[in-house]
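Engineer: Got a structure for you, written out below as structure tokens; questions coming shortly.
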Amino acid sequence: MLRNIAVVVVNGFLPFEFGTVCEVFGVDRSDDGLPRYDFAVVAGEPPPLRALDFTIEPSHGLERLEEADLIALPAVSDERLSLDACAPDPGRQFSGALLEALRRAVDRGARVLSVCSGAFILGDAGLLDDRRCTTHWRNAAELARRYPRAKVDPDVLYVDDDPVISSAGTAAGIDACLYLVRKEQGSRVANGIARRMVVPPHRDGGQAQYVVQPIAPSCDGSLRDLLEWLRAHLDQPLTVRQLAARANMSERTFARRFVADTGTTPQRWLIGQRILLAQQLLEETDETVDAIADRAGFGNATALRHHFRLWGGTTPNAYRRLFRGDPVSP
Numbered sequence: 070m071l072r073n074i075a076v077v078v079v080n081g082f083l084p085f086e087f088g089t090v091c092e093v094f095g096v097d098r099s100d101d102g103l104p105r106y107d108f109a110v111v112a113g114e115p116p117p118l119r120a121l122d123f124t125i126e127p128s129h130g131l132e133r134l135e136e137a138d139l140i141a142l143p144a145v146s147d148e149r150l151s152l153d154a155c156a157p158d159p160g161r162q163f164s165g166a167l168l169e170a171l172r173r174a175v176d177r178g179a180r181v182l183s184v185c186s187g188a189f190i191l192g193d194a195g196l197l198d199d200r201r202c203t204t205h206w207r208n209a210a211e212l213a214r215r216y217p218r219a220k221v222d223p224d225v226l227y228v229d230d231d232p233v234i235s236s237a238g239t240a241a242g243i244d245a246c247l248y249l250v251r252k253e254q255g256s257r258v259a260n261g262i263a264r265r266m267v268v269p270p271h272r273d274g275g276q277a278q279y280v281v282q283p284i285a286p287s288c289d290g291s292l293r294d295l296l297e298w299l300r301a302h303l304d305q306p307l308t309v310r311q312l313a314a315r316a317n318m319s320e321r322t323f324a325r326r327f328v329a330d331t332g333t334t335p336q337r338w339l340i341g342q343r344i345l346l347a348q349q350l351l352e353e354t355d356e357t358v359d360a361i362a363d364r365a366g367f368g369n370a371t372a373l374r375h376h377f378r379l380w381g382g383t384t385p386n387a388y389r390r391l392f393r394g395d396p397v398s399p
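First residue of the sequence shown? That's 70 in this note's numbering, and the numbers climb one at a time after it.
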């Protein structure tokens with residue numbers, strides 16, 4: 070369930086990361102046929118709460134977390150986390166009341182989602198213990214040092230170790246939020262929100278954080294144009310050699326440029342986009358799995374099932390039943 074959303078603000082919160090959560094879940098897009106979330110900003114500490122040179126005073130206290138399906142924790146400043154300090158053990162940084170509220174929420178089945186250094190709040194609450202997680206690459210080593218039981222992966226955009234979702238820097242927070250929307254409410258809703266936000270509807274969480282530029286805004290536009298062409302021709306068999314030729318590059322230069330601009334390889338990017346298209350067709354059409362496999366560029370249902378299970382841990386038919394709620398034929 071993803072209806073009731075609370076975003077927690079503490080002193081030293083970073084406005085942009087806070088704003089990304091508000092933009093995904095706090096805007097009423099019901100005029101586009103998208104769900105309207107019961108959204109609240111919660112004071113994690115006694116207000117007013119400071120960010121940079123301004124303060125906010127949320128109207129909700131920690132009691133609001135008792136009813137939330139999702140609790141989001143935006144990034145906080147390095148100064149607040151004492152990340153610039155040389156002290157061997159900076160100690161707990163956040164109030165016991167907030168940490169206990171987060172633990173209670175997870176115990177009753179709510180999800181928690183951190184953006185960037187918001188993961189340190191989850192670490193203080195003990196919610197990263199024995200779980201895979203991530204944060205901004207600059208802070209990953211410190212996160213692992215402070216919380217040695219956490220399984221920190223510094224190289225990915227986001228990690229879903231249900232019910233704890235953690236994400237890297239700013240844009241990765243958007244990716245993680247849209248990933249959760251897609252997981253809970255399907256690609257139509259996630260794509261609709263992304264379209265209104267004018268952001269890519271999906272980036273695989275396993276992509277590298279070390280992206281030279283955002284998604285394919287190549288200086289000369291060559292890869293940007295190529296990716297748009299690829300999205301319109303996913304049904305075609307495509308090789309790196311063909312793509313490099315279309316981009317007027319050698320294969321080696323193309324492969325290097327592609328990873329630099331997108332954070333992943335051409336083959337993995339293609340598979341991800343094909344999976345995304347297959348999900349949309351499974352949700353929105355009555356086409357058979359064979360037909361969808363052909364339209365999405367997998368060639369046959371066996372290949373689609375293989376990649377679908379690798380990426381999502383489920384089968385196309387099970388995915389369709391989950392989001393459609395109706396019986397389907399093999």
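Heads up, the beta-carbon is just placed ideally off N, CA and C, and yes, glycines get one too.
Since the model is a prediction, treat every value here as computed from it, not as a measurement.
Would you mind working out which of ARG105, HIS375 and ALA188 sits nearest GLY341, comparing C-alpha positions?
Structural biologist: It is HIS375 whose Cα lies nearest to the Cα of GLY341.
Engineer: Ends of the alpha helix (DSSP H) at ARG326?
Structural biologist: Here the alpha helix (DSSP H) through ARG326 covers 320 to 331.
Engineer: Check whether the Cβ of ALA170 sits closer than 7 Å to any heavy atom of the ligand HEM, and report yes or no.
Structural biologist: As presented, the structure is devoid of all ligands, the ligand HEM included, so that no description of it is given.
Engineer: Does DSSP put TYR227 in a helix, in a strand, or in coil?
Structural biologist: Correct three-state label for TYR227: strand.
Engineer: Could you check where the alpha helix (DSSP H) with PHE189 kicks off and where it finishes?
Structural biologist: Per DSSP, PHE189 belongs to the alpha helix (DSSP H) from 188 to 193.
Engineer: Using C-beta distances below 7 Å, list every residue in its chain close to ASP230, excluding the 5 sequence neighbours before and after it, in chain order.
Structural biologist: Within the same chain, ASP230 has close Cβ partners ARG200, ARG201 and CYS202.
Engineer: Taking the DSSP output, what are the residues bridged to PHE367?
Structural biologist: PHE367 is not bridged to any residue.
Engineer: Is ARG180 buried or exposed, if buried means 16 or more other CB atoms sit within 10 Å of its CB?
Structural biologist: Buried, by the Cβ-count rule.
Engineer: Do you know offhand how far THR383's Cα is from LEU197's?
Structural biologist: Looking at the two C-alpha atoms, the distance is approximately 25 Å.
Engineer: Just reading off the beta strand (DSSP E) that ASN73 is part of, what are its end residues?
Structural biologist: From DSSP, the beta strand (DSSP E) with ASN73 extends over 73 to 78.
Engineer: Within the same chain, show all residues whose beta-carbon is closer than 8 Å to that of VAL309, passing over the 5 residues directly before and after it, in chain order.
Structural biologist: Result list for VAL309: GLU320, PHE323, ALA324, PRO335 and GLN336, in chain order.
Engineer: Per the DSSP calculation, VAL110 is bridged to which residue(s)?
Structural biologist: According to DSSP, VAL110 bridges with VAL76.
Engineer: So for LEU131, helix, strand or coil by DSSP?
Structural biologist: The answer is helix: DSSP assigns LEU131 an H, G or I state.
Engineer: Distance, Cα to Cα, ALA213 vs LYS220?
Structural biologist: Computed Cα separation, rounded: 7 Å.
Engineer: Looking at the structure shown, is ALA316 part of a helix, part of a strand, or coil, going by DSSP?
Structural biologist: Here ALA316 sits in coil by DSSP.
Engineer: Cβ of VAL184 within 8 Å of Cβ of GLU86?
Structural biologist: Yes. Within cutoff.
Engineer: Quick one: give me the first and last residue of the alpha helix (DSSP H) that ARG172 is part of.
Structural biologist: From DSSP, the alpha helix (DSSP H) with ARG172 extends over 165 to 176.
Engineer: Do the stretch 296 to 310 and the stretch 262 to 269 touch if we need at least three Cβ pairs shorter than 8 Å?
Structural biologist: No contact exists between the stretch 296 to 310 and the stretch 262 to 269.
Engineer: Thinking just about the alpha-carbon of each residue, which of ARG149, GLY255 and ASP244 is nearest to the one in SER186?
Structural biologist: Considering only alpha carbons, the answer is ARG149.
Engineer: Residues in its own chain within less than 7 Å of THR124 by CB, not counting five upstream and five downstream?
Structural biologist: Only PRO117 and LEU118 meet the Cβ criterion.
Engineer: Looking at the structure shown, is ILE284 part of a helix, part of a strand, or coil, going by DSSP?
Structural biologist: Here the model assigns ILE284 a pLDDT of 38, short of 50, so the residue's position is not dependable and the matter cannot be decided.
Engineer: Count the other C-beta atoms from every protein chain shown that fall within 10 angstroms of the C-beta of GLY368, then say buried if there are 16 or more, exposed otherwise.
Structural biologist: That one is exposed.
Engineer: Can you list, in chain order, the residues of its chain with a C-beta nearer than 8 Å to that of PRO232? Leave out the 5 residues immediately preceding and following it.
Structural biologist: Hits under 8 Å: VAL175, GLY178, ALA179, ARG180 and VAL181.
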